[in-house]
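Here the sequence shown stands for residues -24 to -1, 1 to 268, where the numbers follow mature numbering (1 follows the signal peptide of the UniProt record, and there is no 0).
I have placed the structure first, in the form of structure tokens, so that the comments after it can refer back to it.
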Amino acid sequence: MRSTATGSTVLALLLGVATVPAQAADVYGVAFVHGTGAQTNATQDYWQPAIIDTVRQGLPNSSNYVVINCDFTQYMWKPEAAGCLANQLTGFIDSRGITQLVVITHSNGGNVMRWILSNPTYDSRYPKIINRLRKVTALAPSSAGTPLADAVLNGNTFETSLGWLLGYKNDAVRMQQVGHMATYNAQNLYGTAGRPALPKPFRAVVGSDVESAVWDSNSYCGGYSANVGLEFTQNWLSSCSDGFLECSSQKAAGTLWFTDKARTQGAEPLSHNQSRRECFGLGGILRNDLTQ
């Protein structure tokens, strides 16, 4: 009898195990979030397809990606900025069944994403995004602003040279003034020194220099004229900068993943323009990190 009972118990256990549904595999997706500017075709006009196509190959399903197009000339909390980003991220999550979302931001896009992470009760869409978010990879984030935003708004010589980069006197530029970002970081945003930690990893990739020598082929990646402009503006920044942002600003929120020369091919620096382009193996670095 004991043998029969034991056999019945084992059979029941086996049947029970057999009826437990298998856990669904995670569905990975990646979103590319642009910086300052009102974008309608960020694939072509901001990122360019080369880096997008390289990065998405790191996904189990390379079609699970989205390129965000929003109006980031607005303050980060505005419907046209964070509201638009939340809407497009939620639509992507729902349409693709994403359970592990990686968000790659550039420049001011990191601030808009950080607003969502820091203010989960501000919008009913934010909690789902945070829940599905695996990490944010912030390329050259303007987490502590830039003195060049102050310069543009003061209307000095930077206004002409930086119009292509900042879009002149819009609210996003006002927001990225150094003093303004200090206030937002102290009162509205998480992740900087002395503030609560962000609920999900926010890792910065820092650009540390600009090269624009006409004889150096590396100066042409991302656009030679853009790099010339960034080297000019670098003269008004600290010695460690990408021509638009000082390294200290890029490292102000979250954690440092790496500074350009530590991982790029040939230990090349990434200017502010190059850090959103397929330059010096950046796309491959991002690709290999997606599911890590």
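Beta carbons: idealized from backbone N, C-alpha and C, even for Gly.
Asked, Found
"Nearest candidate by alpha-carbon position, reference V186, set D147, V149, S251, N161", "S251"
"Buried versus exposed call for Y160 [16 or more other C-beta atoms within 10 Å across all chains shown]", "buried"
"Whole-Å CB distance - T16 paired with V149, under 8 Å assumed", "With 8 Å as the limit, T16 and V149 do not qualify as a contact, their Cβ atoms being about 20 Å apart."
"Nonlocal neighbours in the same chain, by C-beta distance under 7 Å from T75, ignoring five residues either side", "D2, V3, R108"
"Which of helix, strand or coil DSSP assigns to V6", "strand"
"Local Cβ density within 10 Å of D218, reported as buried at 16 or more and exposed below that", "buried"
"Per-residue burial, Q241 [other beta carbons within 10 Å of its own, 16 or more giving buried]", "exposed"
"Three-state class that DSSP yields for W191 in the structure shown", "coil"
"Cα-Cα separation between H82 and P172, rounded to whole angstroms", "23 Å"
"C-alpha distance - S38 paired with T19, whole-angstrom precision", "16 Å"
"Spatial distance of R110 from S224 (CA atoms)", "25 Å"
"Host beta strand (DSSP E) of A26 (start-end)", "Where A26 is concerned, there is no enclosing beta strand (DSSP E), although the alpha helix (DSSP H) it sits in stretches over 25 to 32."
"Closest residue to N130 among P25, P103, G86, N146 (Cα-Cα distance)", "N146"
"Opposing strand residues paired with T81 [DSSP bridges]", "V9, A114"
"Residue from P25, S195, N249 whose Cα sits closest to the Cα of P117", "N249"
"F30 to G259 span [Cα, whole Å]", "First, the amino acid is wrong: residue 30 is Thr here, not Phe. Each residue's Cα considered, the two are about 6 Å apart."
"R179 - containing beta strand (DSSP E), residue span", "178 to 182"
"N- and C-terminal bounds of the alpha helix (DSSP H) containing L232", "From DSSP, L232 is part of no alpha helix (DSSP H) but of the beta strand (DSSP E) over 231 to 235."
"Residue from A202, N203, V181 whose Cα sits closest to the Cα of Q226", "V181"
"Opening and closing residue of the beta strand (DSSP E) in which V42 lies", "41 to 43"
"Reduced DSSP category for Q152 - H, G, I as helix; E, B as strand; rest coil", "coil"
"Coil, strand or helix - A18 by DSSP", "helix"
"Local Cβ density within 10 Å of N245, reported as buried at 16 or more and exposed below that", "Going by the sequence as given, residue 245 is Pro instead of Asn. P245 comes out buried."
"Residues bridged to S217 [DSSP beta-bridge criterion]", "E222"
"For I44 and I261, the rounded distance between their alpha carbons", "21 Å"
"Whole-angstrom C-beta distance between A228 and A120, which should lie under 8 Å", "4 Å"
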